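For reference, the structure discussed in these notes is given below.
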Amino acid sequence: MRFDEDTVYAAYRLSSYFSDPDSAVPLTFSVTGVHVRGDIGADTTVTFRTLTPNWFGQEVVFLRARDVVGAFLNVPVVVRVSPVDDAPRFPGNLPDRDLASGGVVVIDLRNYVVDVDDAVENLTFTATGPYATVYGFILVLDVPAGAESQSVTVTASDGRLSASSTFQVTSYHPTIWAQVYWPWSGLGAVIAAILLFLAWELFLRFPHTLEDVFIIGREGRLIMHNTRRLRADRDEDILAGMLTAIMLFVRDSFREDKEDLRQFEFGDRRVLVEKGTHCYLAAIFDGAAPPWARKDLTAFLAEIEARIGDVIASWSGDRDDIHDLKGMTEEFVRRRRYHRNGGWWPFRARAS
685 MRFDEDTVYA AYRLSSYFSD PDSAVPLTFS VTGVHVRGDI GADTTVTFRT
735 LTPNWFGQEV VFLRARDVVG AFLNVPVVVR VSPVDDAPRF PGNLPDRDLA
785 SGGVVVIDLR NYVVDVDDAV ENLTFTATGP YATVYGFILV LDVPAGAESQ
835 SVTVTASDGR LSASSTFQVT SYHPTIWAQV YWPWSGLGAV IAAILLFLAW
885 ELFLRFPHTL EDVFIIGREG RLIMHNTRRL RADRDEDILA GMLTAIMLFV
935 RDSFREDKED LRQFEFGDRR VLVEKGTHCY LAAIFDGAAP PWARKDLTAF
985 LAEIEARIGD VIASWSGDRD DIHDLKGMTE EFVRRRRYHR NGGWWPFRAR
1035 AS
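If you read the sequence shown in my numbering, its first letter stands for residue 685, the second for the next number, and so on.
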């Protein structure tokens, strides 16, 4: 007997195959199996199904016919369940994105799609929308300031079947009243600036959220990575996704020298990227980056270029050649600030 996975198969009426020559009392029937279940109806029709979704293979199940006095007969039946290709699936919709003043957002689509038959990395992703570009399993939203709200549809395909999810990308547009009252908002802006300064003094002197630092060669090769996380080996998939996103961002965004193209979001992380003569420096922050982060990265990259720029330019892959770089990045990640030659910066963060 054969049927397809995730289907129900009405096989046969058991009373047509079993009888009791000693009694007119109807026989009772049961089905025993590991992966395959048999449901017996009032008319003794047996219906087969798999106990778990997406299971396929071959199994021997046993049909038992029992008479009124307890005598029974077991009959083995070979059941073959054929595999069926399942479409990729979005368990939930991709979340809407609200970019108040535009910006770049990087989304790892592997977090939103499942496929029981294929590895998510092997799926083909496409996106429709004026702000959306897909690189493998990475979706990049590049929304200019003041842009119109648009819907973005992401499609995942295994080559035969596909599934789609649509979300909205919205941008802020001031109302007519906001434009009318804007000339009178100067006082409010001054008050807001004072409050922000007080909040900065009170709350931003806690340890900063710098997590990872990457040094990447101009040709795209990873030269050095340092992290604050105690068990970085547990986050290999996250790091691989980060590095992929950084490489794609560096390749496509530094064609134009614009300030807003030097940072992007990766999930709940903020990634800042600086370009040097011989390498790129990328810093990963858990949440918002501190206001001095860009200045620190620029100064730190300048020191790297000054001290070992020539070594990086001709680096053969030998870690011993960039031993100084390892110490520099470790110190930078540990302090979460740039300290040239042990110098002092205001509002120093506590080292972990």
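By construction, the Cβ of each residue, glycine as well, lies at the ideal position given by its N, Cα and C atoms. Bear in mind that the values here come from a model prediction, so they are computed numbers and not experimental data.
Can you name the start and end residues of the alpha helix (DSSP H) that Arg969 belongs to?
In the sequence as displayed, the identity of residue 969 is Phe instead of Arg. Note, Phe969: premise wrong, no alpha helix (DSSP H); beta strand (DSSP E) at Cys963 to Asp970.
Please give me, in chain order, every unbroken run of the beta strand (DSSP E) with length at least 3 that falls completely inside the segment 752-837.
756-766, 781-783, 787-792, 808-812, 816-819 and 822-827
Is Arg781 near Leu825, with beta carbons less than 8 Å apart?
yes
Which two residues bound the contiguous alpha helix (DSSP H) that contains Asp896?
Careful: Asp896 lies outside any alpha helix (DSSP H), inside the beta strand (DSSP E) at Leu894 to Gly901.
For the alpha helix (DSSP H) holding Glu989, just list the boundary residues, first then last.
Ala977 to Ala997
Of the listed residues Val745, Thr808, Ser707 and Leu778, nearest to Ser846 (C-alpha basis):
Thr808
Hey, quick one: how far does the alpha helix (DSSP H) through Arg1019 stretch, first residue to last?
His1007 to Arg1019
Using a Cβ-Cβ cutoff of less than 6 Å, which residues in the same chain neighbour Asp1008 once the five nearest sequence positions on both sides are dropped?
Ile992
For Thr712, which residues in the same chain have their Cβ closer than 7 Å to its Cβ, ignoring the five residues on either side in sequence?
Arg750
Under 8 Å: do the segment 891-903 and the segment 815-833 share three or more Cβ pairs, one atom per stretch?
no
Could you tell me the alpha carbon to alpha carbon distance between Asn777 and Leu735, rounded to whole angstroms?
28 Å
So, Ile996 versus Ile930, is the Cβ gap smaller than 8 Å?
no
For Glu987 and Asp1005, what's the separation of their Cα atoms in angstroms?
17 Å
Between Lys979 and Lys959, what straight-line distance do the alpha-carbon atoms span, to the nearest angstrom?
13 Å
Local conformation of Thr928 per DSSP, three classes:
helix
Return helix, strand or coil for Phe732, following the three-state DSSP convention.
strand
Count the other CB atoms within 10 Å of the CB of Pro772; is the residue buried (16 or more) or exposed (fewer)?
buried
Quick one: is Asp769 buried, meaning 16 or more other Cβ sit within 10 Å of its Cβ, or exposed?
exposed
State the beta-bridge partners of Met908 as determined by DSSP.
Ile899
Return the first residue and the last residue of the beta strand (DSSP E) that Ser1000 is part of.
Run containing Ser1000: none; DSSP gives neither H nor E here.
Just reading off the beta strand (DSSP E) that Gly960 is part of, what are its end residues?
Premise fails: Gly960 is in no beta strand (DSSP E) and is neither H nor E.
Please check the pair Val692 and Thr729, which I expect to be a contact at CB under 8 Å, by giving their CB distance rounded to whole angstroms.
That pair is no contact at about 12 Å.
Apart from the five residues just before and just after Phe1016, which ones in its own chain have a Cβ nearer than 7 Å to its Cβ?
Val897, Phe984 and Tyr1022
With DSSP collapsed to three states, give me the class of Phe1049.
This structure cannot settle anything about residue 1049, because the visible part of the chain is limited to 685 through 1036.
Distance CB(Val765)-CB(Phe687) smaller than 8 Å:
yes
Anticipated Cβ contact below 8 Å, Val752 with Ser707, distance rounded
6 Å
Suppose contacts are defined by Cβ-Cβ distances below 8 Å. Is Val836 in contact with Thr850 by that definition?
yes
Euclidean distance between Cα positions of Asn928 and Asp994
This sequence places Thr at residue 928; Asn is not what is there. Those two C-alpha atoms are separated by around 26 Å.
Are Ala967 and Ile900 touching if we call contact CB-CB under 8 Å?
no
My understanding is that Gly717 touches Val745, with C-beta atoms under 8 Å, so please give their C-beta distance in whole angstroms.
4 Å
According to the Cβ coordinates, are Ser785 and Ala840 closer than 8 Å?
no
Please identify the residue among Asp799, Gly813 and Tyr964 whose C-alpha is closest to the C-alpha of Ser833.
Gly813
Distance check for Pro975 and Val955, CA to CA, integer angstroms please.
13 Å
Measure from the C-beta of Val1017 to each C-beta in chain D and report whether the shortest distance is under 8 Å.
Within the model displayed, chain D is absent; a lone protein chain is all it includes.
Report the partner residues of Leu747 according to the DSSP bridge assignment.
Val715 and Val759
Excluding five sequence neighbours on each side, which residues of the same chain lie with their C-beta closer than 8 Å to the C-beta of Glu1014?
Asn910
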